[in-house]
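**Student:**
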Amino acid sequence: MCGIVGILGQHQVAPILVDALKRLEYRGYDSAGIATVNNGLLDRRRAVGKLVNLSDVLVHNPLAGLAGIGHTRWATHGAANEQNAHPHACGPVTVVHNGIIENFRDLRETLSAHGYSPVTDTDTETVAMLCAHYLAQGHDPKAAVQATIAELDGAFALLFLFEGHENLMIAARKGSPLAIGHGDGEMYVGSDAIALAPMTDQITYLDEGDIAFITRDGADIIDATGAPAHRDIQRIEAQATVIDKAGHKHFMTKEIHEQPVVLSEALARYAPNGIPALPEALDFTKFDRILMVACGTGYYSCLTAKYWFEQIARIPCEVDVASEFRYREPPIAPRTLAIFVSQSGETADTLAALRYAKDQADMIVSLVNVGTSSIAREADLALAILAGIEVSVASTKAYTNQLTVLALLALAAAQAKGAIDDHGLASHMKDLRQVPDLMRQTLKLDNDIASLAKTLAPAPSVLFLGRGVMFATALEAALKLKELSYIHAEAYASGELKHGPIALIEPALPVVVFAPHDRLFDKTVSNMQEVMARHGQVMLITDAQGRASASDGTHSLLELPATGDLSGPIVYALPAQLLAYHTAMAKGTDIDQPRNLAKSVTVE
Ligand code: AGP
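Letter by letter, the sequence shown follows residues 0 to 603 in numbering that gives the first Met the number 0.
1) My parser needs the beta strand (DSSP E) runs of 3 or more residues fully inside the segment 139-190; what are they?
2) Decide if G98 is buried, meaning its Cβ has at least 16 other Cβ atoms within 10 Å, or exposed.
3) Drop a sphere of 10 angstroms on the beta-carbon of Y133, count the other beta-carbons inside from all chains shown, and report buried for 16 or more, exposed for fewer.
4) Taking only three categories from DSSP, how would you classify V118?
5) Going by beta carbon distance, what residues of the same chain come within less than 6 angstroms of I169, once the five residues before and after it are set aside?
6) Which one or two residues does DSSP pair with P333 in a beta bridge?
7) Between E207 and R230, how many whole angstroms is the CB-CB distance? I'm expecting something under 8 angstroms.
8) Does the beta-carbon distance from A135 to H87 come in below 8 angstroms?
9) Assuming the contact rule is C-beta atoms closer than 8 angstroms, E185 and V36 should be a hit. Round their C-beta distance to whole Å, please.
10) I'd like to confirm something about V579: is its beta-carbon nearer than 7 angstroms to some heavy atom of the ligand AGP, or not?
11) In whole angstroms, what separates the C-alpha of N526 from that of Y306?
12) Give the straight-line distance between the Cα atoms of H113 and R107, rounded to the nearest whole angstrom.
13) Closer than 8 angstroms is the cut-off here; do at least three beta carbon pairs connect the segment 333-350 with the segment 285-303?
14) Sorted by chain position, which residues of the same chain lie with C-beta nearer than 8 angstroms to S190's C-beta, five sequence neighbours on each side aside?
15) Can you tell me the Cβ-Cβ gap for R466 and G499, rounded? I've got them flagged as a contact below 8 angstroms.
16) Count the other CB atoms within 10 Å of the CB of E475; is the residue buried (16 or more) or exposed (fewer)?
17) In this structure, what does DSSP give as the bridge partners for C301?
18) Under 8 angstroms by Cβ, that's how I've got V17 and S54 pegged, so tell me the actual separation to the nearest angstrom.
19) Using only the alpha-carbon positions, how far apart do Y326 and Y269 sit?
20) Just to confirm my understanding: we take A418, look at its own chain, exclude 5 residues before and 5 after, and list those with CB closer than 6 angstroms. What are they?
21) Nearest to G545 by alpha carbon, out of Q401, F513, K396?
22) For A267, which residues of its own chain have a beta-carbon under 6 angstroms away from its beta-carbon, when the five flanking residues on both sides are left out?
23) Inspect the beta-carbon positions of R104 and H85 and report whether they are closer than 8 angstroms.
24) Is V392 near the ligand AGP - that is, is its Cβ less than 7 angstroms away from at least one heavy atom of it?
25) Going by the beta-carbon positions, is the gap between H581 and A477 smaller than 8 angstroms?
26) Return helix, strand or coil for M0, following the three-state DSSP convention.
27) Are the CB atoms of I6 and A66 nearer to each other than 8 angstroms?
28) Would you call A549 buried or exposed, if buried means 16 or more other Cβ atoms sit within 10 Å of its Cβ?
29) At the level of alpha carbons, what is the spacing between G535 and S460?
30) Please state if the CB of G297 and the CB of Q342 are separated by a distance shorter than 8 angstroms.
31) Express the C-alpha separation of P506 and A488 in angstroms, rounding to a whole number.
32) Which whole-angstrom value describes the C-beta separation of T403 and L262, a residue pair presumed to lie in contact below a C-beta threshold of 8 angstroms?
33) As an exercise, report each continuous alpha helix (DSSP H) stretch of at least 4 residues that is fully enclosed by the segment 325-405, in chain order.
34) For R594, name the three-state secondary structure that DSSP assigns.
35) Any chance the CB of V600 is under 7 angstroms from a heavy atom of the ligand AGP?
36) On a CA-only basis, which of I235, A218, V118 is nearest G77? Give me that one, please.
This is the structure we're talking about:
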């Protein structure tokens with residue numbers, strides 16, 4: 000989603016701001032802009048589309064100044080055009096914003112009585128108008144921002160710059176994260192530390208409700224009550240901010256190929272001696288049921304884990320998408336462990352769902368990839384999935400590492416509940432430990448998968464089928480294909496085929512079937528045969544045993560190594576990812592930043 004940067008520097012900031020914004024490109028955006036204050040005057044440049052367009056504008060119309068703010072916008076209110084691009088300005092103030100100001104219409108009305116009229120469709124402009132209004136009433140910038148923030152409803156991160164103040168930026172956090180960077184006679188603000196990486200590794204994260212008054216000498220912070228607050232300066236590991244394709248054409252392929260390594264790291268952390276070793280605080284004997292909540296790909300990792308928790312640990316498990324869960328406001332039974340899964344740790348719906356569950360569930364555990372995120376901080380226990388920075392908007396290695404940590408949780412639960420004996424545990428662990436190897440073997444099939452993708456690329460629609468744990472794999476595969484190639488895709492539990500989707504079957508519809516040779520294989524094959532009997536084009540993804548018994552009549556087939564109950568959905572995620580990747584390559588779509596998508600969805 001929107002990216003924010005700000006610099007009080009010693010050098011011309013415009014090129015540095017654009018460079019910092021480039022490091023936030025992965026979040027997804029559709030326009031960009033920067034503003035500086037120079038000789039006391041504010042000025043700004045904005046452009047629709049990629050940052051290269053903003054750079055072009057700056058070549059023809061440079062922007063001077065040692066203090067500036069910048070923004071990449073992911074449109075929420077109003078089209079992606081130059082007028083709606085940030086920074087937004089009103090008189091002596093300019094502002095960039097991530098999030099949503101929910102009461103902006105009411106504020107607009109109030110402000111119109113004072114002679115302020117909007118010139119954009121955005122909610123953000125209202126913040127600039129409100130702050131300008133307080134400045135006009137004689138408030139200084141600090142008081143004006145405090146008065147402004149007090150009137151805003153919603154979740155946001157804001158950064159202000161003022162006419163006549165070349166040594167002041169004001170940052171405010173409510174709902175969306177902001178990092179303050181400390182330099183040598185310079186200060187920085189960023190949506191995350193990654194944006195600031197080349198400039199500093201000394202970072203202060205603002206807490207909920209904080210407002211920071213930043214000069215080149217440092218930051219004075221007040222908390223939500225207005226009291227002075229101390230926030231630590233943390234040193235960020237250089238490795239944590241490296242954004243580099245490592246020779247790959249796209250971040251997505253780099254991240255797909257990193258999976259064997261990062262998955263091994265998760266196994267080493269959570270099962271160092273070959274058996275699950277989770278924090279003691281997580282005592283499964285205290286829970287009778289599990290609730291899991293997430294969005295998108297995280298939701299599919301939860302759906303997979305439901306099978307594991309129920310089949311292996313025999314614990315009833317409910318899974319929901321966060322946007323439904325939070326407003327359904329379901330009762331949460333006593334002795335419930337609530338697990339929230341989010342790569343970014345900032346997904347607005349998942350965070351709201353976590354807050355809803357907080358006073359009701361016995362314990363809140365989060366699985367996150369960003370240890371400093373809100374979802375990590377607000378949980379009773381945060382488990383890092385250790386996937387490393389995921390830049391591609393389409394989630395890949397975070398998914399398989401989420402699955403790995405969830406598999407270990409399920410085994411720990413099974414042990415604690417006495418649902419598994421030593422032999423059973425050893426056999427599941429053996430299965431999990433072979434995953435990095437199985438992944439490496441699967442990645443060698445990249446060229447075969449690229450050929451299969453040629454079948455999908457011209458199709459207007461694709462159907463994915465799977466049973467049991469492979470149902471969630473099918474859902475994830477459909478999501479990946481939609482995200483990357485913009486081809487309509489649907490996924491069904493194979494058994495549901497006859498209940499409607501079979502009407503879609505015709506020769507032009509590719510049907511991708513995920514079917515390892517497991518105890519449900521024959522059932523899935525029956526469904527596949529129903530497709531073939533209607534001249535549907537079946538692409539079967541299976542193993543050697545599956546190939547031997549069911550390849551007849553399929554349009555194409557991909558043979559993966561043999562897998563087990565835990566390794567299956569993790570390994571089968573790779574062809575799902577690579578099929579989407581190669582289909583997108585064939586179609587020439589924007590792979591790392593698909594249209595309309597954002598990496599971290601910080602608005603509802
Ligand atoms: C995955 O490819 C998607 N980009 C998306 O579904 C994502 O998983 C979802 O928005 C949830 O994000 P989170 O894991 O950061 O909470």
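Glycine included, each C-beta is placed from N, C-alpha and C at the ideal position.
Treat the numbers as computed from the prediction; the structure is a model and nothing was measured.
**Tutor:** For this structure:
1) 153-161, 164-173, 178-181, 186-189
2) Start at 1 with the first residue of the sequence shown, and residue 98 comes out as number 99. Under this definition G98 is a buried residue.
3) Reading the sequence shown from its first residue, position 134 is the one you call residue 133. Looking at its Cβ environment, which holds 16 or more other Cβ atoms inside 10 Å, Y133 is buried.
4) Locating residue 118 in the sequence shown gives position 119, where the first residue counts as 1. It is coil, neither helix nor strand.
5) Taking the sequence shown and counting its residues from 1, one reaches residue 169 at position 170. So the qualifying residues of the chain are V144, F159, F212.
6) For the purposes of this step, residue 333 is identified with residue 334 of the sequence shown, where counting begins at 1. None, per the DSSP bridge assignment.
7) Here residue 207 is taken as the residue at index 208 of the sequence shown, counted from 1. Here residue 230 is taken as the residue at index 231 of the sequence shown, counted from 1. Going by Cβ atoms, the distance from E207 to R230 rounds to 12 angstroms, so no, they are not a contact pair.
8) Here residue 135 corresponds to residue number 136 of the sequence shown, with the count starting at 1. Here residue 87 corresponds to residue number 88 of the sequence shown, with the count starting at 1. Going by C-beta atoms, A135 is not nearer than 8 angstroms to H87.
9) In the sequence shown, counting from the first residue as 1, residue 185 sits at position 186. In the sequence shown, counting from the first residue as 1, residue 36 sits at position 37. The pair is not a contact, with the Cβ atoms about 15 angstroms apart (cut-off 8 angstroms).
10) In the sequence shown, the residue the question calls residue 579 occupies position 580. A small fix is needed here, since residue 579 is Ala in this sequence, not Val. Checking every heavy atom of the ligand AGP against the Cβ of A579, none is found closer than 7 angstroms.
11) Translated into positions along the sequence shown, residue 526 becomes position 527. Translated into positions along the sequence shown, residue 306 becomes position 307. For N526 and Y306, the distance between alpha carbons rounds to 21 angstroms.
12) In the sequence shown, residue 113 corresponds to position 114, counting from 1. In the sequence shown, residue 107 corresponds to position 108, counting from 1. Looking at the two C-alpha atoms, the distance is approximately 10 angstroms.
13) yes
14) Against the sequence shown, residue 190 aligns to sequence position 191. Once the five neighbours on either side are set aside, the close Cβ partners of S190 are C1, G2, I3, V4, L23, R26, N97, A156, S175, P176, L177, A178.
15) Position 467 of the sequence shown, counted from the start, is the residue given in the question as residue 466. Position 500 of the sequence shown, counted from the start, is the residue given in the question as residue 499. Wrong, their Cβ atoms sit about 17 angstroms apart, outside the cutoff.
16) Here residue 475 refers to the residue found at position 476 of the sequence shown. Classification for E475: buried.
17) The residue labelled residue 301 in the question sits at position 302 within the sequence shown. Per DSSP, none; premise fails for C301.
18) The count along the sequence shown starts at 1 and reaches residue 17 at position 18. The count along the sequence shown starts at 1 and reaches residue 54 at position 55. Between S54 and V17 the Cβ distance is about 6 angstroms, and since that is below 8 angstroms, they are a contact.
19) The sequence position of residue 326 within the sequence shown is 327, counting from 1. The sequence position of residue 269 within the sequence shown is 270, counting from 1. Going from the Cα of Y326 to the Cα of Y269 covers about 34 angstroms.
20) Here the question's residue 418 lines up with position 419 in the sequence shown. Cβ neighbours of A418 beyond the five flanking positions: A312, R313.
21) Taking the first residue of the sequence shown as position 1, residue 545 is located at position 546. Out of Q401, F513, K396, F513 has the C-alpha closest to the C-alpha of G545.
22) In the sequence shown, the residue the question calls residue 267 occupies position 268. Cβ within range, chain order: n/a, list empty.
23) Sequence index remark: in the sequence shown, residue 104 carries index 105 (1-based). Sequence index remark: in the sequence shown, residue 85 carries index 86 (1-based). Cβ distance not < 8 angstroms, so R104 and H85 don't count as in contact.
24) Residue 392 sits at position 393 when you count from the first residue of the sequence shown. For the ligand AGP, at least one heavy atom lies less than 7 angstroms from the Cβ of V392.
25) Taking the sequence shown and counting its residues from 1, the one referred to as residue 581 is at position 582. Taking the sequence shown and counting its residues from 1, the one referred to as residue 477 is at position 478. Contact flag unset, no.
26) The count along the sequence shown starts at 1 and reaches residue 0 at position 1. Looking at M0 - three-state DSSP - the assignment turns out to be coil, as it is neither helix nor strand.
27) In the sequence shown, residue 6 corresponds to position 7, counting from 1. In the sequence shown, residue 66 corresponds to position 67, counting from 1. Yes, they are a contact pair.
28) Looking up residue 549 in the sequence shown gives position 550. Buried is the call here.
29) The residue you call residue 535 lines up with position 536 of the sequence shown. The residue you call residue 460 lines up with position 461 of the sequence shown. Spanning the two alpha carbons is a distance of roughly 12 angstroms.
30) Locating residue 342 in the sequence shown gives position 343, counting from the first residue. Locating residue 297 in the sequence shown gives position 298, counting from the first residue. Closer than 8 angstroms, so yes.
31) Locating residue 488 in the sequence shown gives position 489, where the first residue counts as 1. Locating residue 506 in the sequence shown gives position 507, where the first residue counts as 1. Taking the straight line joining both Cα atoms gives about 16 angstroms.
32) Walking along the sequence shown from the start, residue 403 turns up at place 404. Walking along the sequence shown from the start, residue 262 turns up at place 263. Indeed they touch by this definition, with Cβ atoms about 5 angstroms apart.
33) 347-356, 373-376
34) Position 595 of the sequence shown holds residue 594. In this structure, R594 counts as coil in the three-state DSSP scheme.
35) Translated into the one-based positions of the sequence shown, residue 600 becomes position 601. Yes, the beta carbon of V600 sits closer than 7 angstroms to at least one heavy atom of the ligand AGP.
36) Position 78 of the sequence shown, counting from 1, holds the residue named residue 77. When only C-alpha atoms are compared, the closest one is V118.
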